[in-house]
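Going down the list, the sequences are from chains A and B.
Here our numbering is used: the first residue of the first sequence is 1, the next is one more, and so on.
Here our numbering is used: the first residue of the second sequence is 1001, the next is one more, and so on.
From the three backbone atoms N, C-alpha and C, an ideal C-beta is built for every residue, glycine too.
None of these values were measured; they are calculated from a predicted model.
For reference, the structure discussed in these notes is given below.
Protein chains: 2
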Amino acid sequence: MAKFEKSEQENNLASLRGRIFNQLQNDIIDGKYQEGDSLIETKLSEEMGVSRTPIREAIRQLELEGLVESIPNKGAIVKGISIQDIEDIYTIRMMIEGLAARWAAEKITEEELAELKEVVDLEEFYTNKNDANHLHKFDSQFHDIIFRASKSKTLMHTLSTFHHYVQKARTASLASPGRAQKALEEHRAILQAIIERNAEKAEKLTTEHVKNASKNFISLVKNKGEYYERQD
Amino acid sequence: MAKFEKSEQENNLASLRGRIFNQLQNDIIDGKYQEGDSLIETKLSEEMGVSRTPIREAIRQLELEGLVESIPNKGAIVKGISIQDIEDIYTIRMMIEGLAARWAAEKITEEELAELKEVVDLEEFYTNKNDANHLHKFDSQFHDIIFRASKSKTLMHTLSTFHHYVQKARTASLASPGRAQKALEEHRAILQAIIERNAEKAEKLTTEHVKNASKNFISLVKNKGEYYERQD
DNA sequence: TCATTCTCAATTGCCAACATTATTTAATTT
DNA sequence: AAATTAAATAATGTTGGCAATTGAGAATGA
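Here it is as structure tokens:
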């Protein structure tokens, strides 16, 4: 079985700080803390049963990720995510993932190609079983392998900036009826372009793929009402 | 006189942590700490005359910025920047700045437009005076205003990821003979496109502008020998 | 001599306490 | 009673210290 490196984000789960960073990140993405809420170090440290130090370090990282805004001597408040933001993220992702596919088509190794094929096969398996949970995992892996194959540290790092929004969006998208089947077909086409080492085609198909995912997700969000907005 | 907001990066200069973050960032970019060097908390805290805590927090942020790699219980080692990385950064910037120009052309306010005009005039003034120091400042402001005018938090945040590489590259580029004059002309053209609210044209001119800057900078680096590589 | 184990120095991970700053509440003055 | 000032409260900023982990070199054994 192929081995998959852990993403930049999921690093350091060993340390308290790492776990807290992840925890807070998820809590914000999942809406436990909403726009305008302030993250109070002392409160969090009590809740989590740790000292303030790891909390502080985690908050400093959230700040750089853009999830919170830190005001000197006042504390950190959670930043909101508007529909506009989501659309912007998708537009940027469209370009970045397109670029990744282009470079991957040029630089992918045989080993990585084998991984990619395997993952698409697994996607097919779980799509037919309607198992959205496993599917989501392999959907992520498909994109991860392409990023890895692009051999660009910078590209991977840039994407990691909004890694968590992407995760969230994927989960929601794949649960929407019909989208999984469509996504699978698009992945097959991208895989084929990479096998043919056709960089232009791989890029084009990928930007289309992200654009479709974007349309799907945004219409989901708009139907379901507001996304991360305050609801009081 | 127009007022310019401080960039996301330059925030928190008030706090110790913020200053140390900036300091370390510059030291890495300037090559004081090179690839493979490890940042030792105790040593840094002595050198800078502060306790370890602000150092630690700054290092956590550098980690997220991708400038260092933090190994649990071992410490942070400085990551290298290859020519390939620089080229990748420029490619990504090309797209992101292009996007910013496109959105700016659609969304810029009259006030921001006035700022932009003023900055270009100042650029002209200092270009004629051959004052690379002031020039660099207004060159940065030109791009900052466009990002701000794009009204996209996400876009600004994405760029902030490699803000410091950009700074460094600009300084070097503008010092190269003839480039300043050329850059000014390109800025004038971009400004004109934005005035005409011609989004397509603004995007195209901007990607070209970044591509030219890229070519110039990369040839500089290649002539001068290695950039950030270890020299022992 | 080589390999293995042990010890110790160096370093990070985490914590509790102190200092500073901001905010809220109470007291005082007009 | 309203406004201003002063005290108290709560939060962050910073510090130094202790525990846990790592790595290197010494000591030991084959």
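Measure the alpha-carbon distance for residue i versus residue j and round it to whole angstroms.
{"i": "LYS1201/B", "j": "SER1150/B", "result": "15 Å"}
{"i": "MET1048/B", "j": "PHE1021/B", "result": "12 Å"}
{"i": "ALA1172/B", "j": "SER1070/B", "result": "30 Å"}
{"i": "PHE1142/B", "j": "HIS1209/B", "result": "13 Å"}
{"i": "LEU174/A", "j": "ASN216/A", "result": "9 Å"}
{"i": "SER176/A", "j": "LEU220/A", "result": "8 Å"}
{"i": "LEU1113/B", "j": "ASN1128/B", "result": "23 Å"}
{"i": "ILE146/A", "j": "VAL119/A", "result": "11 Å"}
{"i": "GLU57/A", "j": "LEU64/A", "result": "11 Å"}
{"i": "GLY1080/B", "j": "GLU1110/B", "result": "43 Å"}
{"i": "LYS137/A", "j": "ILE96/A", "result": "21 Å"}
{"i": "GLN238/A", "j": "ILE55/A", "result": "Coverage of chain A is limited to positions 1 through 232, which leaves residue 238/A absent and any answer about it impossible."}
{"i": "ILE1083/B", "j": "PHE1162/B", "result": "15 Å"}
{"i": "THR206/A", "j": "ALA180/A", "result": "16 Å"}
{"i": "LEU116/A", "j": "LYS1211/B", "result": "32 Å"}
{"i": "SER51/A", "j": "VAL1078/B", "result": "28 Å"}
{"i": "LYS1006/B", "j": "ASP85/A", "result": "Below a pLDDT of 50, predicted positions are generally treated as unreliable, and LYS1006/B, at 44, falls in that range; the measurement from the model is reported next regardless. Rounded to the nearest angstrom, the two C-alpha atoms are 21 Å apart."}
{"i": "HIS1164/B", "j": "ASN1026/B", "result": "8 Å"}
{"i": "LEU1024/B", "j": "ARG188/A", "result": "45 Å"}
{"i": "GLU46/A", "j": "ALA76/A", "result": "17 Å"}
{"i": "ASN1223/B", "j": "GLY1031/B", "result": "18 Å"}
{"i": "SER140/A", "j": "ALA101/A", "result": "14 Å"}
{"i": "THR158/A", "j": "LEU99/A", "result": "12 Å"}
{"i": "ILE194/A", "j": "ALA105/A", "result": "5 Å"}
{"i": "ILE1190/B", "j": "LYS1204/B", "result": "9 Å"}
{"i": "ARG1019/B", "j": "GLY1066/B", "result": "18 Å"}
{"i": "GLU170/A", "j": "GLU123/A", "result": "Residue 170/A is actually Arg in this sequence, not Glu. When rounded, the distance between both Cα atoms is 14 Å."}
{"i": "GLU1186/B", "j": "ALA1199/B", "result": "16 Å"}
Helix, strand or coil for residue i per DSSP?
{"i": "GLY31/A", "result": "coil"}
{"i": "ALA76/A", "result": "strand"}
{"i": "LEU13/A", "result": "coil"}
{"i": "VAL1068/B", "result": "strand"}
{"i": "SER38/A", "result": "strand"}
{"i": "PHE162/A", "result": "coil"}
{"i": "ASP139/A", "result": "helix"}
{"i": "PRO1177/B", "result": "coil"}
{"i": "GLY1049/B", "result": "coil"}
{"i": "LYS1153/B", "result": "helix"}
{"i": "ASP144/A", "result": "helix"}
{"i": "GLU1063/B", "result": "helix"}
{"i": "GLU1196/B", "result": "coil"}
Between which two residues does the alpha helix (DSSP H) carrying residue i extend?
{"i": "ILE1083/B", "result": "1083-1107"}
{"i": "LYS1201/B", "result": "1199-1223"}
{"i": "ASN1233/B", "result": "The question about residue 1233/B has no answer here: the residues shown for chain B are numbered 1001 through 1232."}
Handout entry: Meets three-Cβ-pair contact criterion under 8 Å: the stretch 152-162 of chain A and the stretch 1082-1101 of chain B
Key = yes
Practice task
Taking 8 Å as the threshold, find out whether the stretch 1031-1046 of chain B comes into contact with the stretch 1131-1139 of chain B through three or more Cβ pairs.
Solution key: no
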